[in-house]
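Below: one structure, written as structure tokens.
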Amino acid sequence: MPTKKNFDPLQYIESAFLDRPSEAAEKDLPSIKKYVSGQVKLPRGKFRKTEMSAPRPRRKSNHVVANAIDPELQKVWANLPNSVTFLASLYDDGVTSHYYRGEFKETRQELIKRLLDPQLSLEEVSRLLGVCPTTVRRYTNRGWLHHHRTKGGQRRFLLSDVVRFVEKHGRFPEE
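Sequential numbering from 39 applies to the sequence shown in the working numbering.
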């Protein structure tokens with residue numbers, strides 16, 4: 039029966055880290071002077087040089103932004119103060135109240151105020167200002183944009199408060 043060699047695991051692991059003679063050590067490497075003088079040519083690299091072929095970045099052309107308010111709405115907007123003054127001062131609820139039972143939920147003045155200065159949600163204000171809803175929340179937390187809360191705790195804004203904010207601070211207020 040053949041005998042097994044004694045196996046030493048530590049010696050096996052140590053031998054893995056020992057330097058072994060290689061073929062590269064036997065080669066004669068030329069000196070730097072030979073490379074500089076041109077006697078020995080540089081070894082050709084494995085990879086060929088590539089050229090950057092990506093186009094350089096271009097500036098965006100300044101495109102004209104479409105009107106925020108269409109011409110039809112601009113005509114209505116121009117005539118609005120005269121129309122509102124006319125409606126608020128000339129008529130009352132005397133005739134209309136005969137055709138409905140009970141009292142109206144709001145007076146004429148409250149109705150006109152609600153139509154001219156509507157309550158806006160957080161989404162609507164962020165769309166009007168052109169910022170994200172988080173930014174609108176920051177404006178309210180810092181006291182720059184006035185708001186009130188509904189019974190459910192949601193923020194509501196009056197159009198007049200948004201206009202006042204833009205007039206005072208601009209779209210992006212600075213601290």
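The beta carbon of each residue, even a glycine, is placed where N, CA and C say it ideally should be.
Three-state class that DSSP yields for residue i in the structure shown
i           : result
residue 49  : helix
residue 157 : strand
residue 211 : coil
residue 201 : helix
residue 180 : coil
residue 111 : helix
residue 67  : coil
residue 164 : helix
residue 142 : coil
residue 39  : Legend: pLDDT at residue 39 = 48, less than 50; position of this residue unreliable, value from coordinates given subsequently. Correct three-state label for residue 39: coil.
residue 136 : helix
residue 56  : coil
residue 193 : strand
Among the options, nearest to residue i - alpha-carbon criterion
i           : options            : result
residue 171 : 138, 195, 153, 148 : 195
residue 153 : 182, 121, 180, 169 : 121
residue 198 : 149, 184, 208, 49  : 184
residue 151 : 52, 115, 113, 126  : 126
residue 192 : 161, 76, 56, 137   : 161
residue 166 : 180, 181, 208      : 208
residue 146 : 138, 131, 182, 137 : 131
residue 180 : 205, 211, 168      : 211
residue 149 : 47, 129, 137       : 129
Residue environment, residue i, which counts as buried when at least 16 other CB atoms sit within 10 Å
i           : result
residue 74  : exposed
residue 39  : Confidence is the limiting factor: at residue 39 the pLDDT is only 48, short of 50, which leaves the residue's position unreliable, though a coordinate-based value still follows. That one is exposed.
residue 201 : exposed
residue 163 : buried
residue 124 : exposed
residue 55  : exposed
residue 203 : buried
Heavy atom of the ligand SAM within 7 angstroms of residue i beta-carbon
i           : result
residue 205 : The ligand SAM is absent from the structure shown, which contains no ligand whatsoever.
Cβ pair count under 8 angstroms reaching 3, the region 139–159 against the region 188–201: yes
Contact between the region 170–182 and the region 139–146 (3+ Cβ pairs under 8 angstroms): They do not touch, by the three-pair rule.
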